[in-house]
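Report on one structure; see the data block that follows.
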Amino acid sequence: MSYQATNWAMKQRDMKPATKTVLLCLADRHNPENGCFPSHKRIATDACMSERSVRNHLAELEAMGLLRRVKGTGGRLKRAATRYVFAFEDGFEAVDNSAERAESRRQKCAESRRQILPPNTVREPLKEEDAREAPDSNDLFEGVKRAVGFGPNAILPSWWRERAARDHVIGWTKRFGLTEAEILDVAAATRKEHPIPPDGPKALDRAMERRWRAKQAAKSGDKRRRHDKRPSAAPAKPVSEHDALKLRAEWLNGDRYVPPTLITNVHVARLLETGMVSPERFRRHNLGHLLPSGAVGSRREAVA
């Protein structure tokens, strides 16, 4: 340690704090008789920074004329340490880096014209997460969107595009104990009162709650009205048979997956009677086992 080098380093100004830290670490390693030749690793350990940062600060100190690096000459296979000569030592000659500084200024100007975009901190959903998701949850979410009036290629509002919207729709089955068919019927019934699709699934919470209260009242047999401070909301209008058949006909005539639990034998019979869905569409959706025997027999005769 050299008090002269440390005192000289403390008096230096007009530099970055990290650059001065490197200068003080070098002064601490200076020996008046042998000189200063610590390794980059040692300087990085003393200054608590990376070796790359140490090299950058050493280049700045050399450009400022405060020190000069002299590479040692060792054997053919041995690499000698670099010696650092300070400006206060005898025989110091500053390095002429005018050409290098001009080149660095040109590089900085070129980098300043470069467009720097902020890092993307949005976490994109992984395919594994979509694969782990239950298939019936996707079908229920798509069915609700169709029931409220969104087409296959419709531009959805932001509240429908987020993953929280799908979780909210699935939560109706646990929160209110409603089946998928009941949820779709309630969603289709709300479209009569509000032809414009809602901005998000939370707008259907009141209708789902009314259906749940109606189910609870039917189970307990209690038909009395509760007198609250605010008037009770009117129950949702039941979906007509024609609307229910029309909704299921849209599913079957489309190309999307139709859950078998949403199609009953009564629906199959009525859809065939009205001609809204052909038997071939049932077979295409793997629902041929629900067709009556007459439709299956006609298919066999056609094949024969």
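Numbering follows our numbering, with no gaps: position 195 of the sequence shown is 191.
Idealized CB from N, CA, C, for every residue including glycine.
In the DSSP assignment, find the beta strand (DSSP E) that holds residue i and state where it starts and stops.
i: R64; result: L63 to V66
i: V264; result: Here V264 belongs to no beta strand (DSSP E); instead the alpha helix (DSSP H) covers N261 to T270.
i: V144; result: That residue, V144, is in no beta strand (DSSP E); it is neither H nor E in DSSP.
i: R48; result: R48 -> not in any beta strand (DSSP E); alpha helix (DSSP H) instead, spanning E47 to A59.
When you compare each of the options to residue i by their alpha carbons, which one comes out closest?
i: G61; options: E89, N261 and A213; result: E89
i: R25; options: R79, H285 and E237; result: R79
i: A59; options: H36, D42 and D10; result: D10
i: N261; options: L241, D251 and N249; result: L241
i: N195; options: I151, Y(-1) and T175; result: According to the sequence as given, residue 195 is Asp; it is not Asn. Nearest option by C-alpha distance: I151.
i: W4; options: R65, V81, I179 and V66; result: V81
i: G250; options: A76, Q0 and V273; result: V273
i: K198; options: D163, S46, H36 and A214; result: D163
i: P302; options: P34, A1 and S49; result: Nothing about residue 302 can be read from this structure; the chain reaches only from -3 to 300.
i: F84; options: R64, S35 and A76; result: R64
i: R202; options: V165, P34 and K215; result: V165
i: F33; options: P288, L180, K12 and V66; result: V66
i: L248; options: E47, F137 and N282; result: N282
i: A23; options: G284, E237 and S(-2); result: S(-2)
i: H238; options: A213, R266, Q212 and K215; result: R266
i: D86; options: P13, G31 and E246; result: G31
Anyone know if the C-beta pair for residue i and residue j falls short of 7 Å?
i: L57; j: L20; result: no
i: V235; j: R207; result: no
i: L258; j: A177; result: yes
i: M204; j: W168; result: yes
i: P256; j: D135; result: no
i: G68; j: A76; result: yes
i: A40; j: T17; result: no
Taking residue i as part of the alpha helix (DSSP H), name the residues at either end of that continuous run.
i: Y(-1); result: Y(-1) to M6
i: F278; result: P275 to R280
i: L202; result: For clarity, residue 202 is Arg in the given sequence; the question names Leu instead. From DSSP, the alpha helix (DSSP H) with R202 extends over D201 to S216.
i: R162; result: R159 to R171
i: R244; result: E237 to N249
i: R79; result: From DSSP, R79 is part of no alpha helix (DSSP H) but of the beta strand (DSSP E) over R79 to F82.
i: C21; result: P13 to D24
i: I179; result: E176 to E189
i: K37; result: H36 to A43
Quick check on residue i: buried or exposed, where buried means 16 or more other Cβ atoms within 10 Å of its Cβ?
i: M6; result: exposed
i: Y253; result: exposed
i: K141; result: buried
i: T186; result: buried
i: T15; result: buried
i: A210; result: exposed
i: H53; result: buried
i: V264; result: buried
i: G173; result: exposed
i: G139; result: buried
i: V50; result: buried
i: A184; result: buried
i: R128; result: For R128, the predicted model reports a pLDDT of 44, less than 50, meaning its position is unreliable and no value from the coordinates is stated.
Inter-stretch contact at 8 Å, needing at least 3 Cβ pairs: the segment 275 to 287 / the segment 159 to 170:
no
Sufficient close CB pairs (3 or more, under 8 Å) joining the segment 182 to 196 to the segment 141 to 156
yes
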